[in-house]
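First up is the structure itself, then whatever we jot down about it.
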Amino acid sequence: MSTALSFNAVAQEARPPVPAYHDPLLELDIDERDNRYQFERSSLRALNVHDPLEGVNRRIYRFNAQFDRYVYLPVVRTYVWATPSPVRTGVSNVFDNLRDIPNLGNSLLQGKFQRSGETTARLLFNSIFGLVGIFDVAEKMGLPQQDEDFGQTLGVWGVPAGPYLVIPFLGPSSLRDGTGRVADWVFEDYVNYMDNRDFMNDYQATWGIWAIDLRYGIPFRYGALDSPFEYDQVRYLHTKLREFEISH
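Oh and the sequence shown: position 231 is 250 in the numbering used here, straight run, nothing missing.
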């Protein structure tokens with residue numbers, strides 16, 4: 020499930036404060052005679068998502084929700100409190116710039132040559148004129164970031180999604196997309212653009228900054244759907260989003 024955003028410049032306003040957490044998996048006192056409950060349950064039964072590991076996936080979903088509540092979001096809130104908005108934006112832009120490496124490779128593999136050219140231009144402009152990506156000058160030039168990953172590439176090639184998966188710490192995925200995530204990681208490590216992997220391995224704290232920025236850029240909050248069927252809804256929405264991304 021990909022999700023950090025590009026920004027126009029370091030001076031852009033801060034993202035909204037991280038909202039309060041609502042545990043979606045608390046014991047719920049549900050009136051099963053309620054019309055809204057009956058409608059939602061019958062609607063969800065009609066959703067066709069291949070999830071043979073649902074029992075395990077639900078347990079991992081609960082684990083991710085608790086980890087998000089007690090560990091991840093508190094760290095993100097501390098990061099927001101301790102760093103000014105221009106710094107956070109610059110950090111996000113640098114990691115977004117590095118993410119354009121797999122974006123470029125996958126655009127080529129999918130035969131999206133115009134998009135490949137635009138991503139190449141983004142890399143050059145942001146790496147040179149944007150000071151290794153601190154400033155997203157390409158966005159101002161009409162070159163927004165266009166996310167592509169190897170899971171999408173496999174989908175374009177006709178590889179089926181396979182069973183739905185919830186990956187610890189990372190969230191919704193599938194067998195195909197999980198495999199694609201590993202391939203993208205290996206590709207980034209091999210290319211080592213601007214020696215970024217060597218630098219991050221030499222200075223391990225940068226991996227922590229990367230992980231914090233990753234969550235900082237994802238607006239999803241557990242419990243935000245305010246539904247006892249959040250797992251089912253997230254599963255369906257994620258699956259349909261991936262289908263849309265592959266077809267475009």
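Quick reminder that beta carbons are idealized off the backbone N, C-alpha and C, glycines included.
Taking 7 Å as the threshold (C-beta atoms), are residue j and residue i in contact?
i, j, result
"residue 208", "residue 195", "no"
"residue 153", "residue 199", "no"
"residue 167", "residue 135", "no"
"residue 72", "residue 182", "yes"
"residue 115", "residue 142", "no"
"residue 175", "residue 265", "yes"
"residue 231", "residue 98", "yes"
"residue 180", "residue 193", "yes"
"residue 84", "residue 255", "no"
Determine the extent of the alpha helix (DSSP H) in which residue i is found, giving its start and end residues.
i, result
"residue 110", "104-128"
"residue 261", "249-266"
"residue 238", "Residue 238 -> no alpha helix (DSSP H), and no H or E assigned at all."
"residue 95", "92-101"
"residue 77", "73-86"
"residue 221", "215-221"
In the DSSP assignment, find the unbroken beta strand (DSSP E) run with residue i in it and report its ends.
i, result
"residue 185", "183-186"
Tell me whether residue i is buried or exposed, calling it buried when 16 or more other Cβ atoms sit within 10 Å of its Cβ.
i, result
"residue 162", "buried"
"residue 124", "buried"
"residue 245", "exposed"
"residue 58", "With a pLDDT of only 48 at residue 58, under the threshold of 50, the placement of this residue in the model should not be trusted; the figure read from the coordinates follows. The residue in question, residue 58, is exposed, as its Cβ has fewer than 16 Cβ neighbours within 10 Å."
"residue 235", "buried"
"residue 243", "exposed"
"residue 187", "exposed"
I want to check one thing, is the minimum distance from the CB of residue i to the heavy atoms of the ligand SAM below 6 Å?
i, result
"residue 189", "The ligand content of the structure shown is nil, which means the ligand SAM is not present either."
Taking only beta-carbon positions, decide if residue i is within less than 7 Å of chain B.
i, result
"residue 77", "No chain B is present in this structure, which holds just one protein chain."
Ranges of the alpha helix (DSSP H) found wholly within the segment 143-197, counting only runs of at least 4: 156-159 and 169-175
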